[in-house]
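Enquirer:
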Amino acid sequence: EKEVQITFDGEKNAIINGAPDWVYEEEFGFARGFYWSPDGDRIAFYRFDERRVREFHMTMFGELYPEPYRFKYPKAGEENAIVTIHVYDLQSGATKTMDTGEDTNVYFPRIKWTRDPEVLSIMRLNRLQNQLEVLHADAATGESRVVYREENRYYISEASDNTITYLPDKKHLILISERDGYFHFYLYDFVNGVISPITSGPFDIDDFVGYDEKDRLLYYTSCEVSPLERHLYSIRLDGKRKKQLSLKKGTNRADFSQSFEYYILTHSTANTPPEYSLHRKDGKLIRVLEDNAALRDTIREYGFTQTEFLTVHTAGGQELNAWMLKPADFEPEKEYPLFVYVYGGPESQNVTDAWGGRTPWFQMLAQQGYIVACVDNRGTNGRGEEFRKATYMRLGEPETIDQLDAARWFGALDWVDEDRMGIFGWSYGGFMTSLCMTKGEGLFRMGIAVAPVTSWRYYDTVYTERFMRTPGENPEGYDSNSPVNFADGLRGKFLLVHGSGDDNVHFQNSMDFAEALVQADKQFEMQFYPNKAHGISGGNTTYHLYTRMTGFILENL
């Protein structure tokens with residue numbers, strides 16, 4: 130055994146081999162950029178040339194002379210890294226560059242080996258992300274050919290490493306596509322160019338769980354029962370013998386054994402924490418591994434109230450899914466303040482029948498006499514492509530309309546005090562909160578925006594351009610939905626929160642928004658966290674943040 134160096138040109142903020150750059154890791158969701166061939170004779174790897182990408186600087190505090198942290202961050206409309214794909218041959222020691230075309234202004238969100246150790250599969254997306262091609266490259270020569278092509282009038286979602294699965298016959302693959310308006314599985318014969326649906330219907334596939342080659346069964350989760358729920362299914366590749374394996378209402382996730390003989394099911398609802406159980410592949414329960422009885426007892430002791438699901442009918446004609454928490458001593462004859470939690474970003478979903486991370490905080494607020502609610506606006510997941518892509522080219526516009534309409538709907542209820550409504554959101558939710566506070570004409574009495582995007586010009590290429598195209602192509606879409614440009618419309622009490630070390634949504638967003646508010650003569654409060662990243666955590670930070678937000682809510686709502 131010996132250690133062999135494969136690449137020699139790596140350089141900080143210039144050349145990266147075998148690992149993604151910042152934007153690929155963040156938006157395409159992988160941290161390792163090299164892959165062994167099935168026979169172990171070759172390694173395929175990414176190479177990123179970042180030299181043309183502009184640097185972003187963040188001051189990191191704590192020293193006598195604070196040092197700037199520099200990294201390459203391509204903002205919307207700016208230059209991306211030049212990405213190339215290479216294959217190293219362990220026997221010859223030679224590295225071959227794969228032919229991925231002359232255009233360097235493209236993305237390669239996935240590479241993976243086919244069942245043939247001589248053939249590497251490369252996914253290629255154009256810069257606008259509305260054209261996807263799958264290339265098959267000869268590992269020995271680097272020559273490639275396009276075996277699959279798909280276009281979409283909006284954009285193509287590519288976020289899962291399991292988007293393509295190759296079958297043992299070396300002529301078929303399983304892929305996920307929205308070609309009929311919903312996410313569904315398709316069987317594609319890449320030798321003859323024939324595509325056939327595996328699943329179909331007016332519902333979205335949620336996740337690829339695995340393919341059992343022995344029984345020839347595909348396992349997956351979907352929203353078929355309800356957009357609010359997730360259930361586990363098995364199905365043959367011809368679309369027959371579909372079977373629902375999860376029977377409990379709520380959200381179900383599965384992790385299969387390597388042999389596909391068993392799986393561990395994780396089940397939860399909005400009112401019950403996760404339960405873990407072991408099942409045979411046909412769904413039969415073997416035993417409960419952890420029922421979280423102790424946590425359920427604690428929940429009862431703390432007096433958690435039940436989450437209710439409802440449909441909000443807006444003035445704009447939308448039917449929006451929502452959840453709501455009421456105080457335990459709720460009386461319909463009384464009026465209660467309303468506290469809205471919002472995220473609302475594209476392809477997200479917060480209204481699901483699943484246990485949530487902020488549940489205890491929301492329950493505490495309900496115990497303090499607030500009605501807590503959350504509404505999934507247009508642009509969110511679980512309801513098909515038309516609903517999901519309604520925000521294309523205008524991020525923030527339909528979502529803000531929906532959130533304001535939903536608040537008015539709640540405000541019209543007999544037991545909601547329409548003069549005491551507040552809103553809170555983080556990241557995209559901070560963006561939404563900022564827009565609702567500046568465009569809402571005082572509808573919300575208070576708002577808390579944590580780590581908000583305040584101009585999409587400041588965010589990265591991959592995410593932003595997927596939904597907005599470039600600032601040059603769509604300047605109105607960028608500027609007409611930037612809270613910075615509507616600072617003079619702020620009404621109510623406003624708390625702006627950000628970590629100065631946020632490498633994702635830069636502190637710059639809040640600084641520019643704060644400057645606009647100052648120049649508009651708007652009083653507001655700001656809480657910054659030195660060196661803290663997008664999650665604003667570490668040490669006492671999380672406790673401090675939630676104490677700060679809770680105090681602001683109690684004082685102003």
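Using this note's numbering, read the sequence shown as starting at 130 and increasing by one per residue. We treat Cβ as the ideally placed atom computed from N, Cα and C, and that holds for glycine. Every value quoted in this text rests on a predicted model; they were computed, and no experiment measured them.
Report the CB separation of isoleucine 251 from threonine 233 in whole angstroms; it is logged as a contact under 8 angstroms.
Expert: Counting from one through the sequence shown, the residue named residue 251 turns up at place 122. Counting from one through the sequence shown, the residue named residue 233 turns up at place 104. Not quite, the Cβ-Cβ distance comes to about 14 angstroms (not below 8 angstroms), so this is no contact.
Enquirer: Where does the unbroken alpha helix (DSSP H) through leucine 564 begin, and where does it stop?
Expert: Within the sequence shown, the letter at position 435 stands for residue 564. Start and end: 557-568.
Enquirer: Determine, using beta carbons only, whether phenylalanine 642 and methionine 566 come nearer to each other than 8 angstroms.
Expert: The count along the sequence shown starts at 1 and reaches residue 642 at position 513. The count along the sequence shown starts at 1 and reaches residue 566 at position 437. No, the Cβ-Cβ distance between phenylalanine 642 and methionine 566 is not below 8 angstroms.
Enquirer: Measuring CB to CB, does glycine 379 end up less than 8 angstroms from threonine 398?
Expert: Taking the first residue of the sequence shown as 1, we reach residue 379 at position 250. Taking the first residue of the sequence shown as 1, we reach residue 398 at position 269. The answer is yes: Cβ separation under 8 angstroms.
Enquirer: Hey, how far is the Cα of asparagine 510 from the Cα of glutamine 220?
Expert: Position 381 of the sequence shown, counted from the start, is the residue given in the question as residue 510. Position 91 of the sequence shown, counted from the start, is the residue given in the question as residue 220. If you take the alpha carbons of asparagine 510 and glutamine 220, they lie about 47 angstroms apart.
Enquirer: Looking at the structure shown, is isoleucine 682 part of a helix, part of a strand, or coil, going by DSSP?
Expert: The residue labelled residue 682 in the question sits at position 553 within the sequence shown. Three-state result, isoleucine 682: helix.
Enquirer: Thinking just about the alpha-carbon of each residue, which of Tyr587, Phe553, Glu605, Ala616 is nearest to the one in phenylalanine 681?
Expert: Along the sequence shown, read from residue 1 onward, the residue named residue 681 stands at position 552. Selected option, being the one with the closest Cα: Phe553.
Enquirer: May I ask you to check if the CB of alanine 223 is nearer than 7 angstroms to at least one heavy atom of the ligand ADP?
Expert: Among the ligands in the structure shown, none appear at all, so the ligand ADP cannot be discussed.
Enquirer: Using a 10 Å radius around the Cβ and a threshold of 16 neighbouring Cβ atoms, would you call histidine 442 buried or exposed?
Expert: Numbered from its first residue, the sequence shown carries residue 442 at position 313. The residue is exposed, with fewer than 16 neighbouring Cβ atoms inside 10 Å.
Enquirer: Quick one, are the C-beta atoms of tyrosine 391 and leucine 376 less than 8 angstroms apart?
Expert: The sequence position of residue 391 within the sequence shown is 262, counting from 1. The sequence position of residue 376 within the sequence shown is 247, counting from 1. Cβ distance not < 8 angstroms, so tyrosine 391 and leucine 376 don't count as in contact.
Enquirer: Any idea what DSSP makes of phenylalanine 636, helix, strand or coil?
Expert: Stepping through the sequence shown from its first residue, residue 636 is reached at position 507. Coil, per DSSP.
Enquirer: Look at isoleucine 305 and phenylalanine 337 and say whether their C-beta atoms are less than 8 angstroms apart.
Expert: Counting from 1 along the sequence shown, the entry for residue 305 is found at position 176. Counting from 1 along the sequence shown, the entry for residue 337 is found at position 208. Closer than 8 angstroms, so yes.
Enquirer: Per DSSP, which residues does leucine 449 bridge with? Please list them.
Expert: In the sequence shown, counting from the first residue as 1, residue 449 sits at position 320. Its beta-bridge partners are Val441.
Enquirer: For threonine 328, name the three-state secondary structure that DSSP assigns.
Expert: Indexing the sequence shown from 1 puts residue 328 at position 199. Note: threonine 328 maps to coil in three-state DSSP.
Enquirer: Would you please state the rounded distance, in angstroms, between the beta carbons of glycine 621 and phenylalanine 573? I believe it to be under 8 angstroms.
Expert: To locate residue 621, count along the sequence shown from 1; it is residue 492. To locate residue 573, count along the sequence shown from 1; it is residue 444. Indeed, because the Cβ distance is near 6 angstroms, the residues count as touching under 8 angstroms.
Enquirer: Report the residue from Pro203, Gly525, Gly551, Gly222 whose alpha carbon sits nearest the alpha carbon of glutamate 132.
Expert: Here the question's residue 132 lines up with position 3 in the sequence shown. Taking only the C-alpha atoms, the option nearest glutamate 132 is Gly222.
Enquirer: Within 10 angstroms of the Cβ of glutamine 652, are there 16 or more other Cβ atoms? Answer buried if so, exposed if not.
Expert: Here residue 652 refers to the residue found at position 523 of the sequence shown. By the 10 Å Cβ count, glutamine 652 comes out exposed.
Enquirer: Determine the contact status of phenylalanine 163 and alanine 173, defining contact as a CB-CB distance below 8 angstroms.
Expert: In the sequence shown, counting from the first residue as 1, residue 163 sits at position 34. In the sequence shown, counting from the first residue as 1, residue 173 sits at position 44. A contact, by the Cβ cut-off of 8 angstroms.
Enquirer: If you reduce the DSSP assignment to three classes, tell me which class tryptophan 165 lands in.
Expert: Position 36 of the sequence shown, counting from 1, holds the residue named residue 165. The answer is strand: DSSP assigns tryptophan 165 an E or B state.
Enquirer: From what residue to what residue does the alpha helix (DSSP H) around aspartate 650 run?
Expert: For the purposes of this step, residue 650 is identified with residue 521 of the sequence shown, where counting begins at 1. First-last for aspartate 650: undefined, no H or E at that position.
Enquirer: Is DSSP giving aspartate 426 helix, strand or coil here?
Expert: Your numbering for residue 426 matches position 297 in the sequence shown. Helix, per DSSP.
Enquirer: Checking 8 angstroms against the spacing of the C-beta atoms, do leucine 454 and threonine 427 come in under that value?
Expert: Working through the sequence shown from its first residue, we reach residue 454 at position 325. Working through the sequence shown from its first residue, we reach residue 427 at position 298. Not closer than 8 angstroms, so no.
Enquirer: Look at histidine 663 and alanine 580 and say whether their C-beta atoms are less than 8 angstroms apart.
Expert: Working through the sequence shown from its first residue, we reach residue 663 at position 534. Working through the sequence shown from its first residue, we reach residue 580 at position 451. Cβ atoms of histidine 663 and alanine 580: closer than 8 angstroms.
Enquirer: Which of the three DSSP states, helix, strand or coil, is assigned to tryptophan 151?
Expert: Along the sequence shown, read from residue 1 onward, the residue named residue 151 stands at position 22. Note: tryptophan 151 maps to helix in three-state DSSP.
Enquirer: Since cysteine 503 sits in a beta bridge, which residues does DSSP pair it with?
Expert: Start at 1 with the first residue of the sequence shown, and residue 503 comes out as number 374. DSSP, once it has assigned bridges, lists Trp452, Tyr470 as partnering cysteine 503.
Enquirer: So which of Leu646, Asp543, Gly139, Phe159 has the shortest CA-CA distance to glutamate 563?
Expert: For this step, residue 563 is matched to residue 434 along the sequence shown. Looking at the sequence shown, residue 563 is not glutamate but serine. Considering only alpha carbons, the answer is Leu646.
Enquirer: Ignore the nearest five residues each way along the sequence and tell me which others in arginine 595's own chain have a CB closer than 6 angstroms to its CB.
Expert: Walking along the sequence shown from the start, residue 595 turns up at place 466. Counting only Cβ-Cβ distances below 6 angstroms, and skipping sequence neighbours, we find Gln258, Tyr284.
Enquirer: Nearest-angstrom Cα distance between lysine 463 and tryptophan 544?
Expert: Translated into the one-based positions of the sequence shown, residue 463 becomes position 334. Translated into the one-based positions of the sequence shown, residue 544 becomes position 415. If I take the Cα positions, the gap works out to 6 angstroms.
Enquirer: Name, in chain order, the residues that DSSP records as bridge partners for isoleucine 145.
Expert: In the sequence shown, counting from the first residue as 1, residue 145 sits at position 16. According to DSSP, isoleucine 145 bridges with Phe177.
Enquirer: I'd like to check one pair, phenylalanine 185 with phenylalanine 200: are the Cβ atoms closer than 8 angstroms?
Expert: For the purposes of this step, residue 200 is identified with residue 71 of the sequence shown, where counting begins at 1. For the purposes of this step, residue 185 is identified with residue 56 of the sequence shown, where counting begins at 1. Yes, Cβ-Cβ distance for phenylalanine 200 and phenylalanine 185 is below 8 angstroms.
Enquirer: Roughly how many angstroms lie between the CA atoms of arginine 429 and threonine 481, to the nearest whole one?
Expert: Taking the first residue of the sequence shown as position 1, residue 429 is located at position 300. Taking the first residue of the sequence shown as position 1, residue 481 is located at position 352. Approximately 22 angstroms, taken between the alpha carbons.
Enquirer: I'd like to confirm the pairing. Which residues does DSSP put opposite aspartate 218 in its beta bridges?
Expert: To locate residue 218, count along the sequence shown from 1; it is residue 89. DSSP lists Arg171 as partners of aspartate 218.
Enquirer: Glutamate 547: which of Glu526, Gly618, Lys372, Ile500 sits nearest, CA to CA?
Expert: Start at 1 with the first residue of the sequence shown, and residue 547 comes out as number 418. Per the Cα distances, Ile500.
Enquirer: Rounded to a whole number of angstroms, what is the C-alpha to C-alpha distance between alanine 616 and arginine 282?
Expert: Here residue 616 corresponds to residue number 487 of the sequence shown, with the count starting at 1. Here residue 282 corresponds to residue number 153 of the sequence shown, with the count starting at 1. Roughly 34 angstroms between the two C-alpha positions.
Enquirer: Report yes if the C-beta distance between valine 504 and alanine 457 is below 8 angstroms; otherwise report no.
Expert: Within the sequence shown, the letter at position 375 stands for residue 504. Within the sequence shown, the letter at position 328 stands for residue 457. Cβ atoms of valine 504 and alanine 457: not closer than 8 angstroms.
Enquirer: Scan the segment 475-549 and note each continuous alpha helix (DSSP H) run of 4 residues or more that stays entirely inside, going in chain order.
Expert: Counting whole runs of 4 or more residues, the segment 475-549 contains the alpha helix (DSSP H) stretches 488-496, 514-517, 526-540.
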